[in-house]
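Everything in the sequence shown is counted per our numbering, starting at 5 for the first residue and increasing by one.
Beta carbons: idealized from backbone N, C-alpha and C, even for Gly.
Computed from a predicted model, the values in this text were never measured in an experiment.
To start, the structure under review is shown below, and the notes come after it.
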Amino acid sequence: MKMIKGLALVAGLCAASPALAKGFGVELNGANAQDRWGGEIGLGYAVDIGRLSLRPIGGVFIHHDENNPNSRDYFSNGQSRCRAPDGRFTNDGNCLAIAFKGYAKAEAVYVFPHSVEIGGGARVSSDAVRGYATLAVPLSERARVKANAGDRYYALGVTFGF
5 MKMIKGLALV AGLCAASPAL AKGFGVELNG ANAQDRWGGE IGLGYAVDIG RLSLRPIGGV
65 FIHHDENNPN SRDYFSNGQS RCRAPDGRFT NDGNCLAIAF KGYAKAEAVY VFPHSVEIGG
125 GARVSSDAVR GYATLAVPLS ERARVKANAG DRYYALGVTF GF
């Protein structure tokens, strides 16, 4: 949770001050990583060398925790309750089953003037390194729609900054 608050603070600072934001970027993606659907929230920094942009990015992947032993019972009156493995009712918050997993990415993209970005990257999560291709189309000067596709990793979202 502290990581999400920190990323939100940096995103807010970048939006408030374009001079401070130079080089920094925030990504918000819906993703399928290692056969789990969830969302990515990341923060990165771009090092531009002509039209080539190198971007280290770190963040958190938020997904459903399949290892949660609790289950939800639904009743005929429309209500539901969370149940522990031993059958007792438990706090409804115990059935949320949300997991957070950190990730790191490194991307190299070619930036066409006032147009698309195309490139590749590597994503590290759960001791596995997976390569992917990336394509981004501008929405505005500092916002882009971005798609990533690779080995057991797919993402679609937006980036701000970079």
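According to DSSP, residues forming a beta bridge with residue i
{"i": "Arg134", "result": "Arg127"}
{"i": "Val120", "result": "None; Val120 has no bridge partner."}
{"i": "Cys86", "result": "Arg76, Thr94"}
{"i": "Phe65", "result": "Glu44, Lys105"}
Close Cβ partners of residue i (< 6 Å) along its chain, the five nearest in sequence each way excluded
{"i": "Pro73", "result": "Pro89"}
{"i": "Arg40", "result": "His67"}
{"i": "Phe166", "result": "Gly29, Ala50"}
{"i": "Ala103", "result": "His67, Asp69"}
{"i": "Ala20", "result": "Here Ala20 scores only 49 on pLDDT, less than 50, and its place in the model is too uncertain to base an answer on."}
Nearest residue (CA-CA) to residue i, options the options
{"i": "Ala137", "options": "Arg146, Lys150, Leu143", "result": "Lys150"}
Same chain only: Cβ atoms within 7 Å of residue i, ignoring 5 sequence neighbours per side
{"i": "Gly43", "result": "Asn33, Gly34, Ala35, Ile66"}
Inter-residue CB distance, residue i and residue j (contact presumed, cutoff 8 Å)
{"i": "Ala140", "j": "Thr163", "result": "7 Å"}
Neighbourhood of residue i by C-beta, 8 Å cutoff - its chain only, sequence neighbours within 5 removed
{"i": "His118", "result": "Pro142"}
{"i": "Tyr157", "result": "Ala35, Asn36, Ala37, Gln38, Arg127, Arg134, Tyr136"}
Subject >> Three-pair Cβ contact test at 8 Å for the region 78 to 93 versus the region 47 to 65 >> reply: no
**Asked** When the Cβ atoms of the region 97 to 112 are set against those of the region 61 to 76, are three or more pairs found closer than 8 Å?
**Response** yes
- Taking one C-beta from the region 122 to 133 and one from the region 84 to 103 each time, how about it: are there three or more such pairs within less than 8 Å? no
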